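Structure first, commentary second.
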Amino acid sequence: MRIREPRTTALIFSSGKMVCTGAKSEEDSRLAARKYARIIQKLGFPAKFLDFKIQNMVGSCDVKFPIRLEGLVLTHGQFSSYEPELFPGLIYRMVKPRIVLLIFVSGKVVLTDSRVA
Numbered sequence: 005m006r007i008r009e010p011r012t013t014a015l016i017f018s019s020g021k022m023v024c025t026g027a028k029s030e031e032d033s034r035l036a037a038r039k040y041a042r043i044i045q046k047l048g049f050p051a052k053f054l055d056f057k058i059q060n061m062v063g064s065c066d067v068k069f070p071i072r073l074e075g076l077v078l079t080h081g082q083f084s085s086y087e088p089e090l091f092p093g094l095i096y097r098m099v100k101p102r103i104v105l106l107i108f109v110s111g112k113v114v115l116t117d118s119r120v121a
């Protein structure tokens with residue numbers, strides 16, 4: 005199911021749980037989840053907005069300059085893995101905070117924070 009504002013997609017499972025993706029902020033995510041619950045109620049199901057939590061966040065940026073991944077893996081080897089035959093980006097696993105970065109030669113970086121609580 006999709007809504008236009010905030011532009012998100014929801015996966016609704018037979019267990020009654022719902023996963024909302026695509027929101028640009030925590031506030032938008034909460035608003036979208038409430039809207040989906042309201043739509044389900046209007047369809048005649050006894051939906052309630054309970055136990056809302058953010059489980060995963062993703063961010064991206066462009067540093068606007070090329071990054072030498074071979075040099076980065078040599079200096080930060082214990083935190084990173086780079087196998088260009090398998091995947092074009094370097095995977096950098098930070099310990100604290102527990103974040104995974106995907107770093108590409110082009111200067112693009114993707115950050116993921118898996119906050120499963």
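In terms of my numbering, the sequence shown has 110 at position 106, counting the first letter as 1, and numbering is strictly consecutive. Even for Gly, the Cβ is constructed at its ideal location relative to N, Cα and C. No experiment lies behind these values; they were computed from the predicted model shown.
Am I right that residue i and residue j are in contact with their C-beta atoms under 8 angstroms? What's the rounded C-beta distance?
i: Ala36; j: Thr12; result: 4 angstroms
i: Ile58; j: Glu30; result: 6 angstroms
Which of helix, strand or coil does DSSP assign to residue i?
i: Ser85; result: strand
i: Lys28; result: coil
i: Val114; result: strand
i: Ile71; result: coil
If we call anything under 9 angstroms between Cβ atoms a contact, is residue i one with residue j?
i: Ile95; j: Val104; result: yes
i: Glu102; j: Phe83; result: A quick correction: the sequence has Arg, not Glu, at residue 102. No.
i: Gly111; j: Val77; result: no
i: Val114; j: Gly75; result: no
i: Leu73; j: Pro88; result: yes
i: Lys39; j: Ile7; result: yes
Are there 16 or more other CB atoms within 10 angstroms of the CB of residue i, so buried, or fewer, so exposed?
i: Ser18; result: exposed
i: Gly48; result: exposed
i: Ser33; result: buried
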